[in-house]
Amino acid sequence: MSQAHYVPDQTLLLDLISRCALNDQQAFQTLYQETSSAVLGSLIRLLPNRDSAEDCLQEAFIQVWNKADQYHEGKGSVFGWIITIARYRAIDCIRKERPAVELEKAAPFLGETPELGGDHRQLLKCLEQLPDQSADMILQSYIAGYTQTELSESTGTPLGTVKSWMRRGLAALKSCLKND
Amino acid sequence: MTETNSSISDTELLAAEYVLGQLRGEERMAAKTQMVTDAELRHWVNWWEQRLFSLSLHPEPVEPRKQVWERLYARLFSLADENDTETNGERRNTTAKLGSNWGLSWFTAALAGFALMAMTALTTIYVDGQLVPSREAPTHYASLESGGVINHIIERYANGDIASIAVHPSVATDERVLELWAIAGDGKPVSLGLLPAKGKQLVSAPASIKNLTGSLTLAVSVEPHGGSPTGLPTGPVVNSTKLVERTATDSFSF
Numbered sequence: 000m001s002q003a004h005y006v007p008d009q010t011l012l013l014d015l016i017s018r019c020a021l022n023d024q025q026a027f028q029t030l031y032q033e034t035s036s037a038v039l040g041s042l043i044r045l046l047p048n049r050d051s052a053e054d055c056l057q058e059a060f061i062q063v064w065n066k067a068d069q070y071h072e073g074k075g076s077v078f079g080w081i082i083t084i085a086r087y088r089a090i091d092c093i094r095k096e097r098p099a100v101e102l103e104k105a106a107p108f109l110g111e112t113p114e115l116g117g118d119h120r121q122l123l124k125c126l127e128q129l130p131d132q133s134a135d136m137i138l139q140s141y142i143a144g145y146t147q148t149e150l151s152e153s154t155g156t157p158l159g160t161v162k163s164w165m166r167r168g169l170a171a172l173k174s175c176l177k178n179d
Numbered sequence: 000m001t002e003t004n005s006s007i008s009d010t011e012l013l014a015a016e017y018v019l020g021q022l023r024g025e026e027r028m029a030a031k032t033q034m035v036t037d038a039e040l041r042h043w044v045n046w047w048e049q050r051l052f053s054l055s056l057h058p059e060p061v062e063p064r065k066q067v068w069e070r071l072y073a074r075l076f077s078l079a080d081e082n083d084t085e086t087n088g089e090r091r092n093t094t095a096k097l098g099s100n101w102g103l104s105w106f107t108a109a110l111a112g113f114a115l116m117a118m119t120a121l122t123t124i125y126v127d128g129q130l131v132p133s134r135e136a137p138t139h140y141a142s143l144e145s146g147g148v149i150n151h152i153i154e155r156y157a158n159g160d161i162a163s164i165a166v167h168p169s170v171a172t173d174e175r176v177l178e179l180w181a182i183a184g185d186g187k188p189v190s191l192g193l194l195p196a197k198g199k200q201l202v203s204a205p206a207s208i209k210n211l212t213g214s215l216t217l218a219v220s221v222e223p224h225g226g227s228p229t230g231l232p233t234g235p236v237v238n239s240t241k242l243v244e245r246t247a248t249d250s251f252s253f
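From first to last, the protein sequence lines are chains Z and C. So for the first sequence, numbering that gives the first Met the number 0 puts the first residue at 0; every next one is plus one. So for the second sequence, numbering that gives the first Met the number 0 puts the first residue at 0; every next one is plus one.
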């Protein structure tokens, strides 16, 4: 896969994941070739170096193979499902890989995020409307995997305030995403 | 959207915090446990996952190194590591898939194990086209590829044995077959048998190969039916590779 911004082909990926569920190794190889670059690009933002990100990519695709028969369209797009698996694997290992909070590495990527259609544009629009600093904190958490305690320590904001901002922000985000 | 109209339940908030990655350790495990029985929590986790995942995309994909796929493939589709307790659950799962795919029976595997113990020379274990699982982890592995497709995975074990695993093998004919060679210390090719058309083939390598340490160069030649009549490659060499050491990261588990 060589295009700068990966645009997932849900029909193709659905066919591939369905065949993976039937133990089709060639389909798994094609699925890996089709999606691994985009997944690794995402993991590199979460993990401290390429080696860690590639280890995590490997773990994620093992899980993709093992859970292929559990995927259904109710879980969202195939690519979203794969990215989510990979991201959870990364979060699981962040504690081992990242010794200290380095918040400057977790700058928001709102403007750089590839277009993924109306849902993504709506998400960006909703984030822009969030109160306080909750949009930044949601992004720091999601993109770089920071906990509320880490956000509190790195910004010098009391933990209670961070919790309050997060709750208000997430409530507003949910409301916005449900309404529009 | 106005702030006053916004509210979020504890379950919805917990789901969002889980998806954001804010829960760690015991909190994260507790949420996972709760999800087993809490359908509402599962629903909201799924809801947040689907709406936020696009934020995790990087604007520029990064091509993984070739070794990532090779290691991934070796871990998933080689049955050689079943004693590796660190990832035993995944292996068991994979084994079940492969077992159902290729008709693996543990009874057959046990029979093959006895057959292995009885063999002393260059010997092939290949029972009715069944995959024969090894009971130890390989120390080295390599992939033989053509046109970007992996044809065979080659594994070397601590005892010097070599396994060839068919993945998407090149099509052999009645007249022509593919023979695997190891290049010994004196540069002379030593046959490791014909590459299998399916399943896994285990070869007890001769002493000249078994006692070599470090990386080993492999080559594949086209030979007449039954293999080289001279003990050396007679047809064109169509592939070559090196066995690479299996590193600790190959069994790394988060």
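Here a beta-carbon is modelled for each residue, glycine too, at the ideal position from N, C-alpha and C. Quick caveat, the model's predicted, so the values are computed rather than measured.
Practice item. Could you tell me whether the Cβ of residue 61(C) comes closer than 8 angstroms to any Cβ of chain Z? Key: Here residue 61(C) is taken as the residue at index 62 of the second sequence, counted from 1. Cβ-Cβ to chain Z under 8 angstroms: yes for residue 61(C).
Practice item. May I ask you to report which of helix, strand or coil DSSP gives residue 164(C)? Key: Counting from 1 along the second sequence, the entry for residue 164(C) is found at position 165. Looking at residue 164(C) - three-state DSSP - the assignment turns out to be strand.
Practice item. Below 7 angstroms between beta carbons is the criterion; list the residues of the stretch 66-78 of chain Z that meet it against any residue of chain C, in chain order. Key: Hits within the stretch, in order: 74 and 75.
Review point. Taking any Cβ of chain Z, which residues in the stretch 11-23 of chain C have a Cβ under 7 angstroms from it, in chain order?
Key: Those residues of the stretch 11-23 of chain C that come within reach of chain Z (Cβ to Cβ, closer than 7 angstroms) are 11, 12, 15, 19, 20, 21 and 23.
Check your understanding: Between the C-alpha atoms of residue 79(Z) and residue 178(Z), what's the straight-line distance to the nearest angstrom?
Key -> Counting from 1 along the first sequence, the entry for residue 79(Z) is found at position 80. Counting from 1 along the first sequence, the entry for residue 178(Z) is found at position 179. Straight-line Cα distance between these residues: approximately 22 angstroms.
Review point. Between the stretch 198-206 of chain C and the stretch 156-163 of chain C, do at least 3 Cβ pairs fall closer than 8 angstroms?
Key: With the cut-off at 8 angstroms, the stretch 198-206 of chain C and the stretch 156-163 of chain C touch.
Check your understanding: Would a check of beta-carbon distances place residue 41(C) closer than 8 angstroms to chain Z?
Key -> On the second sequence, residue 41(C) is found 42 positions in, with the first residue counted as 1. Not one chain Z Cβ lies under 8 angstroms of residue 41(C).
Review point. Taking the C-alpha atoms as reference points, what is the distance between residue 31(Z) and residue 11(C)?
Key: As a first step, residue 31(Z) must be located in the first sequence, where it is residue number 32. As a first step, residue 11(C) must be located in the second sequence, where it is residue number 12. Answer to the nearest angstrom: the Cα atoms are 33 angstroms apart.
Review point. By the criterion of Cβ-Cβ separation under 8 angstroms, what are the contact partners of residue 160(Z) in chain C?
Key: On the first sequence, residue 160(Z) is found 161 positions in, with the first residue counted as 1. Under the 8 angstroms cutoff, chain C gives no residues; its nearest Cβ is about 15 angstroms from residue 160(Z).
Practice item. On a CA-only basis, which of 177(C), 39(C) and 14(C) is nearest residue 225(C)? Give me that one, please. Key: Position 226 of the second sequence holds residue 225(C). Nearest to residue 225(C) by C-alpha distance, out of 177(C), 39(C) and 14(C), is 177(C).
Point to revise | Straight-line gap, residue 154(Z) to residue 127(Z) (C-alpha atoms, nearest Å) | key: Position 155 of the first sequence holds residue 154(Z). Position 128 of the first sequence holds residue 127(Z). In this model, residue 154(Z) and residue 127(Z) are separated by some 20 angstroms (Cα to Cα).
Practice item. Could you tell me whether the stretch 35-48 of chain Z touches the stretch 81-93 of chain Z, using the rule of 3 or more Cβ pairs below 8 angstroms? Key: Flag = yes, the stretch 35-48 of chain Z and the stretch 81-93 of chain Z touch.
**Study point:** Own chain partners of residue 24(Z) with C-beta closer than 8 angstroms, once the 5 adjacent residues on each side are dropped
**Key:** Stepping through the first sequence from its first residue, residue 24(Z) is reached at position 25. Correct list: empty, nothing qualifies.
Check your understanding: Skipping 5 residues on each side, what residues in its chain have a beta carbon closer than 7 angstroms to that of residue 235(C)?
Key -> Against the second sequence, residue 235(C) aligns to sequence position 236. So the list reads 220 and 221, once near-sequence residues are dropped.
Point to revise | Nearest candidate by alpha-carbon position, reference residue 55(C), set 159(Z), 144(Z), 33(Z) and 121(Z) | key: Translated into positions along the second sequence, residue 55(C) becomes position 56. Out of 159(Z), 144(Z), 33(Z) and 121(Z), 144(Z) has the C-alpha closest to the C-alpha of residue 55(C).
Review point. Where do the N-terminal and C-terminal ends of the beta strand (DSSP E) with residue 45(C) fall, by residue?
Key: The residue you call residue 45(C) lines up with position 46 of the second sequence. Boundaries for residue 45(C): no beta strand (DSSP E) harbours it, while the alpha helix (DSSP H) harbouring it runs 38-51, taken from the DSSP string.
Check your understanding: Taking the alpha helix (DSSP H) that residue 72(C) falls in, what are its first and last residues?
Key -> Mapped onto the second sequence, residue 72(C) falls at position 73. That run of the alpha helix (DSSP H) goes 65-76.
Check your understanding: Applying a beta-carbon distance threshold of less than 9 angstroms, which residues of chain C neighbour residue 16(Z)?
Key -> Counting from 1 along the first sequence, the entry for residue 16(Z) is found at position 17. By Cβ distance, chain C contributes nothing, its closest Cβ being about 14 angstroms from residue 16(Z), past 9 angstroms.
Check your understanding: Using a Cβ-Cβ distance under 8 angstroms, would residue 64(Z) count as near chain C?
Key -> Numbered from 1 along the first sequence, position 65 holds the residue referred to as residue 64(Z). The beta carbon of residue 64(Z) falls within 8 angstroms of a beta carbon belonging to chain C, placing the residue at that interface.
Practice item. Under 8 angstroms by Cβ, that's how I've got residue 163(C) and residue 149(C) pegged, so tell me the actual separation to the nearest angstrom. Key: For the purposes of this step, residue 163(C) is taken as the residue at position 164 of the second sequence. For the purposes of this step, residue 149(C) is taken as the residue at position 150 of the second sequence. The Cβ separation is near 12 angstroms, so there is no contact.
Review point. Residue 146(Z) touches chain C at which residues, Cβ-Cβ below 7 angstroms?
Key: Translated into positions along the first sequence, residue 146(Z) becomes position 147. In chain order: 21 and 23.
Check your understanding: Does any CB atom of chain Z fall closer than 8 angstroms to the CB of residue 332(C)?
Key -> Here chain C has residues from 0 to 253 only, and residue 332(C) is not among them.
**Study point:** Per-residue DSSP class, three states only, for residue 142(C)
**Key:** Here the question's residue 142(C) lines up with position 143 in the second sequence. Taken through DSSP and simplified to helix, strand or coil, residue 142(C) comes out as strand.
Review point. Hey, does residue 6(C) have any beta-carbon neighbour from chain Z nearer than 8 angstroms?
Key: On the second sequence, position 7 is the one that residue 6(C) refers to. Residue-level contact check: residue 6(C) touches chain Z, since one or more beta carbons of chain Z fall below 8 angstroms from its beta carbon.
Check your understanding: Which one of 66(Z), 61(Z) and 70(Z) has the shortest CA to CA distance from residue 72(C)?
Key -> To locate residue 72(C), count along the second sequence from 1; it is residue 73. Of the listed residues, the one whose Cα sits closest to residue 72(C) is 61(Z).
Exercise for review: Check the C-beta distance from residue 258(C) over to residue 216(C) and give it rounded, since I have them as a contact under 8 angstroms.
Suggested key: Within the shown structure, residues of chain C are numbered from 0 to 253, placing residue 258(C) beyond reach of any answer.
Check your understanding: If you follow the alpha helix (DSSP H) that residue 11(Z) is part of, which residue opens it and which one closes it?
Key -> Residue numbering aside, residue 11(Z) sits at position 12 when the first sequence is read from its first letter. Following the DSSP letters along the chain, one finds residue 11(Z) inside the alpha helix (DSSP H) bounded by residues 9-20.
Practice item. Enumerate in chain order the residues of its own chain whose CB-to-CB distance from residue 27(Z) is below 6 angstroms, with the five nearest sequence positions on each side excluded. Key: Working through the first sequence from its first residue, we reach residue 27(Z) at position 28. Only 19 and 64 meet the Cβ criterion.
Practice item. Put residue 25(Z) into one of helix, strand or coil per three-state DSSP. Key: Counting from one through the first sequence, the residue named residue 25(Z) turns up at place 26. Of the three classes helix, strand and coil, the one that applies to residue 25(Z) here is helix, per DSSP.
Check your understanding: So is residue 179(C) in contact with chain Z if we call contact Cβ pairs under 8 angstroms?
Key -> Within the second sequence, residue 179(C) is the residue found at index 180, counting from 1. No - not a single Cβ of chain Z is within 8 angstroms of the one on residue 179(C).
Review point. Within the 8 angstroms Cβ cut-off, does residue 133(C) reach chain Z?
Key: Counted from its first residue, the second sequence places residue 133(C) at position 134. Reliability fails at residue 133(C), whose pLDDT of 40 lies under 50, so the model's placement of it is uncertain and the value that follows must be treated cautiously. For residue 133(C), the answer is no, since every Cβ of chain Z falls outside 8 angstroms of its Cβ.
Point to revise | Nearest-angstrom beta carbon gap, residue 233(C) and residue 227(C) [assumed within contact, 8 angstroms] | key: On the second sequence, residue 227(C) is found 228 positions in, with the first residue counted as 1. On the second sequence, residue 233(C) is found 234 positions in, with the first residue counted as 1. With 8 angstroms as the limit, residue 227(C) and residue 233(C) qualify as a contact, their Cβ atoms being about 5 angstroms apart.
Point to revise | Reduced DSSP category for residue 142(Z) - H, G, I as helix; E, B as strand; rest coil | key: What you label residue 142(Z) is simply residue 143 of the first sequence in a count that begins at 1. In the structure shown, residue 142(Z) sits in a helix (DSSP, three-state: H, G or I).
Practice item. Starting from the C-beta of residue 167(Z), find all residues in its chain whose C-beta is less than 7 angstroms away, skip the five residues before and the five after it, and write them out in chain order. Key: As a working mapping, residue 167(Z) is identified with position 168 in the first sequence. Excluding positions up to five away in sequence, the list reads 130, 131 and 133.
Review point. With 16 other CB atoms within 10 Å as the buried threshold, where does residue 83(Z) fall?
Key: By 1-based counting over the first sequence, the position of residue 83(Z) is 84. Buried is the call here.
Exercise for review: Buried or exposed for residue 50(Z), please, with buried defined as at least 16 other CB atoms from any protein chain shown within 10 angstroms of its CB.
Suggested key: Within the first sequence, numbered from 1, the residue matching residue 50(Z) stands at position 51. Residue 50(Z) counts as exposed, since fewer than 16 other beta carbons sit within 10 angstroms of its beta carbon.
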